[in-house]
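Enquirer: So in our numbering, spot 40 of the sequence shown is number 79, and the numbers just go up one at a time.
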Amino acid sequence: MGGALVAGGWGLFAGAALLVGAAVGSFVRVAPRWIALVMAFGSGVLLSAVPFELIAEAYERSGMWPVAGGAVAGAAVYSAANVLLARRGAQHRKRSGQHQPSESEEPGSGSAIALGALLDGVPESVVIGTSLLGGGHLGAATVGAVFISNLPEGLASAAGMRAAGRSRTYVFALWASIAVISGLAALAGYALLGGASPALLAVITAVAGGAILSMIADTMIPEAYSRVHLLTGLVTVTGFLAAFALGHL
C-alpha cells in the first residue's frame, strides 16, 4: 500500500503542474511566444525521457518485438482518439490564442477539451506508477519531463479557454480534476499491475511511450513551431540535453 501511495503522490505532483500553469495563464498575460518556447523545451525533455527511460527499460525486460508492437499500438490508439476529439472541438486544446471554440460556437467542445487533457495525461501517469514495480526506481528525468511538459500545456490551454469565454472556475476545476486523476492513474498503475509479468509491464510501458511520442508530434511541437518557428529546434534540443543530464546525475 505504501508503494501505491508513493506512486500516486508522484503522479499527483506531476499533474499539479497543469494547475500551476493554469493559474499563470488565467491571471498573468504571458506572450504566446514565451508559452511556445516553454512548449518546445518540454517537448525536448519528453523526447529524452521516453527513449532513454521508458523504451530502453521496456526493451531490457522483453526485447524488440513487444516494445515495437506496444509503441505502435500506443501511437495508433492516441492518434485515433485525438482525431475523434479534434472533430468535437478539442483540436486546439493546447493553443493559447483565439483558436479554441466557445461552447456556444461548438456545443460539447468543453467536454472534448477535458477528455483531450485526460488523453494527454493518463499515459504519463501510468508510466510513473509502473516504473516503481519490481524494485524499479522512479527516474528523476521521467517525473521532471512530465512536470515540465505539463506547465506549458496548462498555461496555454488555460489562456485559450479564457479567450474562448470559459470561466476561471471551469479552467481550475478542469485542471484540478486532471491532476487528481493523474495521481489516481499512477496509483492504479502500481496497484493493479503489481503481479504482472515483466513482458506485460514492458508492453504497457511501450504503449504509454508510443502515446507520449505521438502527443509530442501531434500537439506540442506544432504549437511551438507556429509561434517561434526556427527557434523550435534549438530550444527542443536544449530541453533534450537538460533531461539527459538530469537522468545521468
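The beta carbon of each residue, even a glycine, is placed where N, CA and C say it ideally should be.
Consult DSSP for V67 and reduce its assignment to one of helix, strand or coil.
Expert: In this structure, V67 counts as coil in the three-state DSSP scheme.
Enquirer: Can you grab the Cα-Cα spacing for the pair M200 / V210, in whole Å?
Expert: Near 7 Å, if we compare the C-alpha coordinates of V210 and M200.
Enquirer: Along the chain, where does the alpha helix (DSSP H) containing H124 start, and where does it finish?
Expert: It should be noted that the sequence gives Leu, not His, for residue 124. Per DSSP, L124 belongs to the alpha helix (DSSP H) from 103 to 124.
Enquirer: Quick check on the DSSP output: the alpha helix (DSSP H) that includes A247 runs from which residue to which?
Expert: 237 to 254 is the extent of the alpha helix (DSSP H) around A247.
Enquirer: Whose CA, out of P162, A88, T208, lies closest to the CA of L58?
Expert: Ranking P162, A88, T208 by Cα distance to L58 puts T208 first.
Enquirer: Please report the Cβ distance between S82 and I260, rounded to the nearest whole angstrom; I am assuming they are in contact, meaning their Cβ atoms lie under 8 Å.
Expert: With a Cβ gap of about 5 Å, S82 and I260 count as contacting.
Enquirer: Consult DSSP for A203 and reduce its assignment to one of helix, strand or coil.
Expert: A203: coil per DSSP, three-state reduction.
Enquirer: Where does E192 land, buried or exposed, given buried means 16+ other C-beta within 10 angstroms?
Expert: With 16 or more other Cβ atoms within 10 Å, it is buried.
Enquirer: Decide yes or no for the touch test of the region 239 to 251 against the region 158 to 171: beta carbon pairs closer than 8 Å, at least 3 of them.
Expert: Yes: the two stretches touch, three or more of their Cβ pairs being nearer than 8 Å.
Enquirer: Span of the alpha helix (DSSP H) holding R266?
Expert: From DSSP, the alpha helix (DSSP H) with R266 extends over 260 to 267.
Enquirer: Over the uninterrupted alpha helix (DSSP H) stretch that includes V276, give me the two end residues.
Expert: Unbroken alpha helix (DSSP H) run through V276: 270 to 286.
Enquirer: Are the Cβ atoms of A282 and G50 separated by less than 8 Å?
Expert: Cβ atoms of A282 and G50: not closer than 8 Å.
Enquirer: What does a CB cutoff of less than 6 Å around R100 pick up in its chain, not counting 5 residues either side in sequence?
Expert: So the qualifying residues of the chain are P237, A241.
Enquirer: Could you check if V84 is buried or exposed, using at least 16 other CB atoms within 10 Å of its CB as the buried criterion?
Expert: So V84 counts as buried.
Enquirer: Distance, Cα to Cα, I187 vs R205?
Expert: The alpha-carbon atoms of I187 and R205 are separated by roughly 25 Å.
Enquirer: Do you know how far the Cα of V111 is from the Cα of P71?
Expert: Distance between the alpha carbons of P71 and V111 is about 32 Å.
Enquirer: Would a C-beta distance cut-off of 8 Å place Y117 and S253 closer than the cut-off?
Expert: Yes. Within cutoff.
Enquirer: Could you tell me the distance, in whole angstroms, from the CA atom of V45 to the CA atom of G222?
Expert: Computed Cα separation, rounded: 10 Å.
Enquirer: For a test of the three-state rule: what should DSSP assign to S170, helix, strand or coil?
Expert: Residue state, collapsed to three classes: coil.
Enquirer: Please report how far the alpha carbon of V267 lies from the alpha carbon of A195, in whole angstroms.
Expert: Approximately 14 Å, taken between the alpha carbons.
Enquirer: Do you know how far the Cα of V67 is from the Cα of E60?
Expert: Reading the sequence as shown, one finds Gly at residue 60 and not Glu. Looking at the two C-alpha atoms, the distance is approximately 10 Å.
Enquirer: For a quick check, are the C-beta atoms of A88 and A184 less than 8 Å apart?
Expert: Closer than 8 Å, so yes.
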